[in-house]
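Trainee: I am attaching a structure below and will ask some questions about it afterwards.
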């Protein structure tokens with residue numbers, strides 16, 4: 017590594033002049049230093065964050081942006097990252113700012129501090145343009161101007177601010193109705209899909225539930241004090257557009273109990289347009305549990321065999337829609353590699369109605385119960401899925417006072433995660 | 014960086030945490046608290062002493078969870094009240110500010 021460092025530092029020193037022009041006048045000197053490695057990233061057919069960085073840097077002339085690009089170029093040469101963490105917060109908050117200090121600030125003083133502010137998104141990511149304009153203006157005033165919409169945590173990531181500007185920036189954002197997101201060993205920022213706001217498949221008002229949960233758990237989000245992080249995601253239907261089953265400890269996914277609603281006229285119209293071959297080959301044969309048959313020339317779905325994979329509903333959106341008795345399923349334990357490998361969520365609560373305020377209250381009470389259990393039984397730095405796996409599902413269900421249910425069995429018939437190409 | 018207490022210079026790291034943990038004494042704690050804009054009261058000192066005792070025993074700063082539970086037990090509060098109480102004393106978070114004033118090393122982890 018030393019050798020690589022040395023070689024790279026020669027490279028950087030060669031290039032770290034005010035600009036790359038060879039003698040003569042320097043009148044059209046560029047603000048940025050040459051970054052040949054980063055430039056390569058602009059060549060592919062994909063949009064490049066480097067192009068965005070350069071545009072922003074040339075427009076705003078913020079030295080921080082130049083410093084970060086120089087350090088990144090150096091990183092690409094040495095194949096090492098040079099950011100380290102620390103602790104920065106705002107008054108009353110224990111989390112929400114992700115600190116990034118440069119480990120090589122002597123080499124790149126302009127990149128000394130590049131902290132990230134996590135900002136909570138609105139349920140369903142519905143904003144109005146005024147809020148977004150305010151956010152951009154405030155951010156460009158105090159920070160670097162770089163925004164990631166949305167980061168993997170679901171937050172709006174405001175990337176690049178110095179410690180002594182954090183409080184001021186937060187106060188202004190907060191005045192405009194924005195709040196910091198979660199970080200550390202506590203409740204994290206929740207995510208919801210577009211829900212009934214813009215999607216006909218939504219089986220419950222996930223936007224309302226997201227907002228209620230957000231308000232209920234706001235304290236434990238800003239002041240992390242659990243074993244480890246805990247994430248909610250709210251998907252309106254089993255299409256699970258938020259990837260809740262894989263990427264949240266508590267996946268709240270819309271579902272229904274009764275039969276899929278079939279509009280026979282629309283089925284006929286679909287067949288008239290696409291042909292019977294398409295119905296057989298693209299819908300019936302692709303049903304993972306073979307729940308669909310033809311009866312007297314009409315499509316028939318056997319409800320007890322349906323695993324709500326959503327394939328037929330997605331293929332025939334006008335003809336088929338979710339059943340009438342709708343609610344949520346709660347799956348728990350989804351997470352990426354940690355003490356044990358990647359897990360998908362397992363079914364904990366097969367069905368809960370989610371219509372009235374009482375339903376929502378019952379839901380938050382159940383979650384409180386679960387968190388209390390985890391707080392007492394989980395080990396330090398252990399996700400709840402790992403705790404459940406360690407003590408066993410039976411003990412967990414007893415601990416939170418839930419009935420054992422046949423639906424807890426992982427594999428009654430076939431793969432419930434089936435996803436087809438459309 | 015360094016702070017000067019009673020004419021003696023004490024080394025701190027770039028985030029203001031003591032470099033040598035044995036440099037700590039109450040005057041140093043007062044000086045560190047000043048930097049955090051905190052006026053030390055008896056409740057603050059109680060917490061600082063709790064942290065130092067915990068560190069002496071386990072060689073690690075307690076997780077906030079442990080701290081909250083200990084406070085809750087000691088003061089007969091529930092966990093929410095204990096959390097409010099801790100943030101009332103140290104607005105920027107007990108992990109960040111209380112550990113600094115108690116002369117403990119900077120807590121690690123993604124907070």
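Residue numbers (the numbering used here), protein chains in the order written: chain A, 17 to 438; chain B, 14 to 124.
Beta carbons: idealized from backbone N, C-alpha and C, even for Gly.
It should be emphasised that the depicted structure is a prediction, and the values quoted were computed from it without experimental measurement.
1) Our contact map puts residue 234 (chain A) next to residue 183 (chain A) with C-beta atoms below 8 Å; I'd like the distance itself, whole angstroms only.
2) With C-beta atoms as the reference, is residue 103 (chain A) less than 8 Å away from residue 45 (chain B)?
3) Within this structure, are the beta carbons of residue 413 (chain A) and residue 422 (chain A) separated by less than 8 Å?
4) Put residue 15 (chain B) into one of helix, strand or coil per three-state DSSP.
5) Are the C-beta atoms of residue 39 (chain A) and some chain B residue less than 8 Å apart?
6) Identify the residues that DSSP records as bridge partners of residue 270 (chain A): which are they?
7) If you check the beta carbons only, do residue 347 (chain A) and residue 329 (chain A) fall under 8 Å apart?
8) Between which two residues does the beta strand (DSSP E) carrying residue 134 (chain A) extend?
9) For residue 156 (chain A), which of A:266, A:72, A:294 and A:355 has the nearest alpha-carbon?
10) By how many angstroms is the C-alpha of residue 196 (chain A) removed from the C-alpha of residue 418 (chain A)?
11) Got a sec: which bits of the stretch 99-125 of chain A sit with their beta carbon under 8 Å from any beta carbon on chain B, in order along the chain?
12) What residue does the alpha helix (DSSP H) around residue 412 (chain A) start on, and which one ends it?
13) Just to confirm the assignment, what range does the beta strand (DSSP E) spanning residue 174 (chain A) have?
14) Go through its chain and collect everything with a Cβ distance to residue 121 (chain A)'s Cβ below 6 Å, but skip five positions before and after it.
15) In chain A, which residues lie less than 8 Å from residue 108 (chain B) when you measure between Cβ atoms?
16) From which residue to which residue does the alpha helix (DSSP H) around residue 59 (chain A) run?
17) Look at the Cβ atom of residue 42 (chain B), then the Cβ atom of residue 101 (chain B), and state whether they are nearer than 8 Å.
18) Distance cutoff 8 Å, beta carbons only. Does residue 423 (chain A) sit that close to anything in chain B?
19) Do the stretch 268-279 of chain A and the stretch 288-295 of chain A touch if we need at least three Cβ pairs shorter than 8 Å?
20) Looking only at its chain, what residues have a beta carbon closer than 6 Å to the beta carbon of residue 309 (chain A), apart from the 5 residues adjacent to it on each side?
21) Does any CB atom of chain B fall closer than 8 Å to the CB of residue 239 (chain A)?
22) Let's test the definition: count the other Cβ atoms within 10 Å of the Cβ of residue 26 (chain B) and tell me whether it reaches 16, buried, or not, exposed.
23) Using a Cβ-Cβ distance cut-off of 8 Å, determine whether residue 52 (chain B) contacts chain A.
24) With distances taken from CA atoms, which of A:372, A:207 and A:83 is nearest residue 177 (chain A)?
25) Applying the 10 Å Cβ sphere with the 16-neighbour rule, what's the burial state of residue 152 (chain A)?
26) Within a Cβ cutoff of 6 Å, which residues of the same chain sit near residue 132 (chain A), ignoring the five residues on either side of it in sequence?
27) Going by DSSP in three states, residue 54 (chain B) sits in which element: helix, strand or coil?
28) For residue 250 (chain A), tell me which candidate among A:240, A:239, A:241 and A:263 has the shortest Cα-Cα distance.
29) Residue 136 (chain A) and residue 171 (chain A) - do their beta-carbons sit closer together than 8 Å?
30) Check whether the Cβ of residue 389 (chain A) lies closer than 8 Å to any Cβ atom in chain B.
31) Quick one: does residue 17 (chain B) have its CB under 8 Å from some CB of chain A?
32) Please classify residue 211 (chain A) as buried or exposed, where buried requires at least 16 other C-beta atoms within 10 Å of its C-beta.
33) For a contact meaning CB atoms closer than 8 Å, what does residue 104 (chain B) contact in chain E?
34) DSSP three-state label for residue 114 (chain B), please.
35) Got a sec: is the Cβ-Cβ distance from residue 78 (chain B) to anything in chain A below 8 Å?
36) According to DSSP, simplified to helix, strand and coil, what is residue 38 (chain A)?
Mentor: Put simply:
1) Contact doesn't hold; Cβ gap of about 19 Å is too wide.
2) no
3) For residue 413 (chain A) and residue 422 (chain A), no; Cβs fall outside 8 Å.
4) Strand at residue 15 (chain B).
5) Confidence in residue 39 (chain A) is poor, its pLDDT being 41 and thus under 50, which makes the residue's placement unreliable; the coordinate value appears in the next sentence. With 8 Å as the cut-off, residue 39 (chain A) does not count as an interface residue toward chain B.
6) A:344
7) Not a contact, by the Cβ cut-off of 8 Å.
8) 132-135
9) A:72
10) 34 Å
11) Residues 101, 102, 103, 105, 106, 107, 108, 109, 110, 111, 114 and 117.
12) Looking at the DSSP string, the run of the alpha helix (DSSP H) that includes residue 412 (chain A) is 409-415.
13) 172-175
14) Within the same chain, residue 121 (chain A) has close Cβ partners 128.
15) 103 and 110
16) Per DSSP, residue 59 (chain A) belongs to no alpha helix (DSSP H) and is neither H nor E.
17) Between residue 42 (chain B) and residue 101 (chain B), the CB-CB gap reaches or exceeds 8 Å.
18) no
19) With the cut-off at 8 Å, the stretch 268-279 of chain A and the stretch 288-295 of chain A do not touch.
20) 316
21) The beta-carbon of residue 239 (chain A) is placed less than 8 Å from the nearest beta-carbon of chain B.
22) Here residue 26 (chain B) is exposed. Its C-beta has fewer than 16 other C-beta atoms within 10 Å.
23) no
24) A:83
25) Residue burial annotation: residue 152 (chain A) is exposed, with fewer than 16 other C-beta atoms found within 10 angstroms of its C-beta.
26) 114, 173 and 175
27) coil
28) The candidate whose alpha carbon is nearest that of residue 250 (chain A) is A:263.
29) Going by C-beta atoms, residue 171 (chain A) is nearer than 8 Å to residue 136 (chain A).
30) Under the Cβ distance rule, residue 389 (chain A) does not count among the residues neighbouring chain B, no pair being separated by less than 8 Å.
31) no
32) buried
33) Protein chains in the displayed structure are A and B, and chain E is not among them.
34) helix
35) yes
36) Reliability of the predicted coordinates at residue 38 (chain A) is poor, the pLDDT of 44 falling under 50, and no value is obtained from them.
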